[in-house]
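Taken in sequence, the protein lines are chains A and B.
The first sequence begins at -15 in the numbering used here and counts up one residue at a time.
The second sequence begins at 1269 in the numbering used here and counts up one residue at a time.
Glycine residues also receive a C-beta, built at the ideal position from the N, C-alpha and C atoms.
Written below as structure tokens is the structure these notes are about.
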Amino acid sequence: MSLLSTSHASTPGIGVEVRAAGIYVMAGTLALLFQTTVLHGLTGGRIIPDLVLILCVYLGLHEHNIGGATGAFLLGYLFDSFSGSLVGLHAFAMTIVYLIVYLVSRRLWMDNAVSGVAMVFLGSLLKGVAIVAALAAYLSIDRMSLGVAQTLLAEALLAAALTPLVFGGLRWAKRLAGGD
Amino acid sequence: MLEFVRRNRVLLSSGFFLLCSLGLLSANARQPGRIDPLGHVFLELMAPFQRFTAGIGGMAQGLFDRYVLLVGTQAENERLKARIRELERRGTHQSEMELMNRRLKRLLALGRELPTKAVAASVTARDASVWFQSLTLNKGEVDGIQVGMPVIAPEGVVGLISGTSMHASRVLLLTDPNSGIDVLVQRTRVRGILSGQLERGTVLKYVKRSDDVEIGDRIVASGLDGVFPKGLPVGRVTSVSKKDRGLFLYAEVAPAADASRLEEVLVAFPSGEELRKPALLPSAAEFGPPGPSEIGLYGPPAPPARGEGRSAGR
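Right under this line is the structure:
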């Protein structure tokens, strides 16, 4: 089994790309809606499963084009709009995650469930590190407490646990739209 | 050049967006306000969806709380109910102890006031017939109780010991048709005999029509019968009837001690006779858990002095 990924030889039609974009927009909207309402209420706000990040990793694994990068940035920006953080913080972190996942998926075969879960787990940690790094650079926060690390780890585990569900839903939606 | 861009479009676009992000970050970090060109648009667009989702989520949460979590609530409810039952039982027990304590204090006070020695006893049974009035006590001959001894409650005279066994005795109540006590009308010192009747209550006999007896007069023991100490309350006159013919008036008297509610009584010893027990009344430690009407007042009984089964004759 080759660990090297093959390049995307086939070029989908415009209609399929538009439908796929529509699915991602809808998925991103739903993910953000759930994160800001239902999931927040269920967990009491202590740990919120990062569905937007899972979507971002999915883009990094499957959308190797400008649309993928744009999507990751917009997801991050959308996230920033609904969080109290610095505007651009999550946009930066999501773009980093997308880029790293994209680079990894170009080198390694990632088209299976376990690798998807692993990438989401690592992507979640990466996002945390990116956010901390950005905060350190822009807000002079030079220390990360143990509590923050634990929260990052818990979020990563939770996101990894939800990955099969989100990836399955996205695959199902894309099949329904005729793009997969 | 175009080929390079095409081949590295993802990297280039990612780099571009990273620069955009860093630019946004820098701008927001420098400015006190929030620079978010598209944020208010996103907020406006998402607001109705968020309201809808939050509403659905709230309903789901409420459903979960009301029904799924009811399993725990039910278990807690059962635990609390059991706790309430236990506390109620304890409360009843405590109330019973308090009431008993109050009664015994009054009994103790009465025992100190009596000119003779006395032994406390509990009522263990009542008369099987509705026509006659008697009580059974938990003290008998081993405790020194003999036929003819007066039985007294804090409220007043109860009756006479009419029969004894080794460990029990029977009291003929004041209200029994077979009983009779020499009494005085406290206010006027008029003397008479108080006797029970088939109907409830007692009647004052052998009082002359001309004697001064009024409703509400207190009746006390005269002490002339040699049984009840003089001045002990017996009852209160409830009605007076002076018939057209005859020598005596007819007065009904309500007994001072309501025998139907008695639980503990004192049995007084004749003057000069000593108790066979070292203590007149028990200490609190000698009481076991209170039964319905029985209280263990003394320690192990002394050897019997008389035969069992003697009964009173009038």
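Beta-carbon contacts of residue i that lie in its chain and below 7 Å, excluding the five residues immediately before and after
i                       : result
residue 82 of chain A   : 40, 43, 44, 52, 53, 56
residue 38 of chain A   : 104, 143, 146, 147, 150
residue 75 of chain A   : 57, 60, 61, 64
residue 1298 of chain B : none
residue 72 of chain A   : 64
residue 97 of chain A   : 148
residue 1280 of chain B : 1273
residue 1488 of chain B : 1451, 1452, 1454, 1499, 1500, 1501, 1502
Segment limits, alpha helix (DSSP H) that includes residue i
i                       : result
residue 1381 of chain B : 1338 to 1381
residue 1478 of chain B : No alpha helix (DSSP H) holds residue 1478 of chain B; DSSP gives it neither H nor E.
residue 1270 of chain B : 1270 to 1275
Backbone secondary structure at residue i - three-state DSSP
i                       : result
residue 1515 of chain B : coil
residue 112 of chain A  : helix
residue 73 of chain A   : helix
residue 147 of chain A  : helix
residue 157 of chain A  : helix
residue 1522 of chain B : strand
residue 1455 of chain B : coil
residue 1503 of chain B : strand
residue 1241 of chain B : What is shown of chain B runs 1269 to 1582, which leaves residue 1241 of chain B out entirely.
residue 1411 of chain B : helix
residue 1384 of chain B : coil
residue 1393 of chain B : strand
residue 152 of chain A  : helix
residue 50 of chain A   : helix
residue 1403 of chain B : strand
residue 1492 of chain B : coil
residue 58 of chain A   : helix
residue 1554 of chain B : Low local confidence applies: a pLDDT of 40 at residue 1554 of chain B is under 50, so the model's placement there is unreliable, and no value is given.
residue 1447 of chain B : coil
residue 1528 of chain B : helix
residue 65 of chain A   : helix
residue 80 of chain A   : helix
residue 92 of chain A   : coil
residue 1464 of chain B : strand
Residue from the options whose Cα sits closest to the Cα of residue i
i                       : options                        : result
residue 111 of chain A  : A/47, A/22, A/135              : A/135
residue 1438 of chain B : B/1377, B/1367, B/1461, B/1401 : B/1401
residue 1276 of chain B : A/90, A/-1, A/162, A/139       : A/90
residue 1444 of chain B : B/1522, B/1480, B/1494         : B/1522
residue 106 of chain A  : A/64, A/119, A/78              : A/78
residue 108 of chain A  : A/140, A/73, A/50              : A/140
residue 1494 of chain B : B/1518, B/1515, B/1451         : B/1451
residue 13 of chain A   : B/1312, B/1425, B/1491, B/1529 : B/1312
residue 1616 of chain B : B/1527, B/1319, B/1461         : Coverage of chain B is limited to positions 1269 through 1582, which leaves residue 1616 of chain B absent and any answer about it impossible.
residue 118 of chain A  : A/80, A/15, A/31               : A/80
residue 114 of chain A  : B/1299, B/1289, B/1519         : B/1289
residue 1481 of chain B : B/1510, B/1393, B/1340         : B/1510
residue 1395 of chain B : B/1317, B/1274, B/1441, B/1365 : B/1441
residue 1529 of chain B : B/1385, B/1379, B/1422, B/1517 : B/1422
residue 70 of chain A   : B/1497, B/1315, B/1368, B/1303 : B/1303
residue 1420 of chain B : B/1501, B/1291, B/1286         : B/1501
residue 1519 of chain B : B/1537, B/1479, B/1538         : B/1479
residue 47 of chain A   : A/17, A/18, A/94, A/132        : A/94
residue 1458 of chain B : B/1490, B/1470, B/1446         : B/1490
Nonlocal neighbours in the same chain, by C-beta distance under 6 Å from residue i, ignoring five residues either side
i                       : result
residue 1417 of chain B : 1429, 1535
residue 1485 of chain B : 1453, 1455, 1505
residue 15 of chain A   : 35, 36, 39
residue 1507 of chain B : 1520
Span of the beta strand (DSSP E), counted from its first residue to its last, around residue i
i                       : result
residue 1420 of chain B : 1418 to 1421
residue 1470 of chain B : 1470 to 1473
residue 1605 of chain B : As displayed, chain B neither begins before 1269 nor continues past 1582, which places residue 1605 of chain B out of reach and without an answer.
residue 1256 of chain B : Residue 1256 of chain B lies beyond the residue range present for chain B, which begins at 1269 and ends at 1582; the question has no answer from this structure.
residue 1334 of chain B : It is not in any beta strand (DSSP E) - residue 1334 of chain B carries neither H nor E in the DSSP assignment.
residue 1437 of chain B : 1437 to 1441
Proximal residues to residue i (C-beta, below 8 Å), its chain only, five neighbours per side dropped
i                       : result
residue 1413 of chain B : 1387, 1389, 1405, 1407, 1429, 1432, 1437, 1535
residue 1514 of chain B : 1477
residue 1461 of chain B : 1448, 1449, 1450, 1451, 1472, 1473, 1474
Cutoff 8 Å: residue i Cβ touching any chain D Cβ
i                     : result
residue 65 of chain A : The structure shown has no chain D; the protein chains it does contain are A and B.
Proximity test, residue i beta-carbon vs the ligand ZN heavy atom, cut-off 7 Å
i                       : result
residue 1462 of chain B : As for the ligand ZN, it is missing from this structure, which has no ligand bound.
Beta strand (DSSP E) runs wholly inside the stretch 1280 to 1321 of chain B, at least 3 long, in chain order: none
Entirely enclosed beta strand (DSSP E) segments - the stretch 6 to 46 of chain A, minimum 3 residues: none
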